[in-house]
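Chemist: My questions all concern the structure below.
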Amino acid sequence: MTANHYACPLCNLPLLKHEKVFRCVNNHSFDRAKENYLNLLPVQFKHSKNPGDNKAMVNARRAFLEQGYYQPLVDRLVALYQEKAVTDASKPSILLDAGCGEGFYTHQHKNAENTVYGVDIAKEAIKKAGKKYQQCHFSVATLSKLPFADSLFSWIVSVYAPILEQEFTRVLNEGGFLLTVTPAKQHLMQLKQHIYDDAKEHDEEKTPVECLTLVHQENISYQMHLKTGQDTLNLLSMTPFAFKASDEVKKTLLNHDDFICQADFLIRLYQKSS
Ligand SMILES: C[S@@+](CC[C@H](N)C(=O)[O-])C[C@H]1O[C@@H](n2cnc3c(N)ncnc32)[C@H](O)[C@@H]1O
Ligand SMILES: [Zn+2]
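The sequence shown begins at 5 in my numbering and counts up one residue at a time.
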């Protein structure tokens, strides 16, 4: 039996690891799946049978991200983590990727000293993450009730995922950071122009964070040269406007190699006051 950082999603008491089962003292138990993840989403927390992104969305996102189009973003996120995270040899860094999808960003934050967790409500995504990135800890859980004790994390990263401010603040330690990535004004503008007659810029003020202090903000903007039509369709299926695309538009995009599209990310770094 070994200690770990998970808390029981039903009673909040620590979960202890016994071989392949995690159990609290109230005997709520959760099996570790063979793909190396924990399912900490009790049925009563689910609003639908398979919440979150479905298998097709998950596969398209992994295929797109593996082409490296978003690598400049990842490199910057990891650099900010290395630069800003408070390193204290007596207190190793524990990081959470909140809404981690298939773990593309999660595993790139792993280093020799830290412990890295990824949480997502989509089982298909977590299955893929757990299988591929054995050095991180993945669980199916909801961001609105994270299966962790208060003040555990020194860093939370949230990339294009819901920002549950109060819950994130609860699990951050004092002085800990929340780094968010959201779309900036021109993100995917050329793709939107294929879908909407009057494509609008993103509203950058959509999800204000109020409990934490904004300590840094920057944009990352560059043009992506999408090599194949399939890359463009994979990117489209990652967007909230994918369902608006007609079959005709999809066909046009599929037959369009070397599509040039703007990536425009807004990075914000918040800190919990100590
Ligand atoms: C646009 S995807 C981003 C995934 C990943 N961060 C990336 O950029 O590749 C948003 C993710 O948030 C997850 N998600 C949405 N609502 C959630 C919730 N309430 N709790 C946990 N995950 C959630 C979805 O399943 C999905 O994987
Ligand atoms: Zn319990």
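By construction, the Cβ of each residue, glycine as well, lies at the ideal position given by its N, Cα and C atoms.
With distance defined between alpha-carbon atoms, name the residue in Leu150, His113, His22 nearest to Gln75.
Modeler: The residue labelled residue 75 in the question sits at position 71 within the sequence shown. Minimum Cα distance to Gln75 is reached at His113.
Chemist: Would you identify the three-state DSSP class for Met5, choosing helix, strand or coil?
Modeler: Position 1 of the sequence shown holds residue 5. With a pLDDT of 47 at Met5, under the threshold of 50, the modelled position of this residue cannot be trusted; read the value that follows with caution. DSSP, read as helix, strand or coil, puts Met5 in coil.
Chemist: Phe49 bridges to which residues according to DSSP?
Modeler: If you number the sequence shown from 1, residue 49 lands on position 45. Answer by DSSP bridge pairing: none, since Phe49 is not bridged.
Chemist: On the DSSP letters alone, give me the boundaries of the alpha helix (DSSP H) that His198 sits inside.
Modeler: Along the sequence shown, read from residue 1 onward, the residue named residue 198 stands at position 194. For His198, the enclosing alpha helix (DSSP H) begins and ends at 193-199.
Chemist: Suppose you measure from the CA of Asp251 to the CA of Ile199; what does that come to, to the nearest Å?
Modeler: Position 247 of the sequence shown, counting from 1, holds the residue named residue 251. Position 195 of the sequence shown, counting from 1, holds the residue named residue 199. The alpha-carbon atoms of Asp251 and Ile199 are separated by roughly 11 Å.
Chemist: What is the chain-ordered set of residues for which the beta carbon lies under 7 Å from any non-hydrogen atom of ligand 2?
Modeler: Cys12, Leu14, Cys15, Leu17, Cys28, Asn30, His32
Chemist: With burial defined as no fewer than 16 other Cβ atoms inside 10 Å of the residue's Cβ, what is the status of Ile264: buried or exposed?
Modeler: Here the question's residue 264 lines up with position 260 in the sequence shown. Ile264 should be labelled exposed.
Chemist: With a CB to CB cut of under 7 Å and the five nearest residues on each side skipped, what residues in its chain are close to Val29?
Modeler: Stepping through the sequence shown from its first residue, residue 29 is reached at position 25. The residues are Leu17.
Chemist: Straight-line CA distance for Leu42 to Pro187?
Modeler: The residue you call residue 42 lines up with position 38 of the sequence shown. The residue you call residue 187 lines up with position 183 of the sequence shown. Cα to Cα, Leu42 sits roughly 30 Å from Pro187.
Chemist: Taking Phe34 as part of the alpha helix (DSSP H), name the residues at either end of that continuous run.
Modeler: Against the sequence shown, residue 34 aligns to sequence position 30. Counting along the chain, Phe34 falls outside any alpha helix (DSSP H), though it belongs to the beta strand (DSSP E) covering 33-35.
Chemist: Would you decide whether Lys38 is buried or exposed? Buried here means 16 or more other CB atoms lie within 10 Å of its CB.
Modeler: Taking the first residue of the sequence shown as position 1, residue 38 is located at position 34. The residue is exposed, with fewer than 16 neighbouring Cβ atoms inside 10 Å.
Chemist: Do the CB positions of Phe142 and Ile98 come within less than 8 Å of each other?
Modeler: Within the sequence shown, the letter at position 138 stands for residue 142. Within the sequence shown, the letter at position 94 stands for residue 98. In terms of Cβ geometry, Phe142 and Ile98 do not form a close pair [threshold 8 Å].
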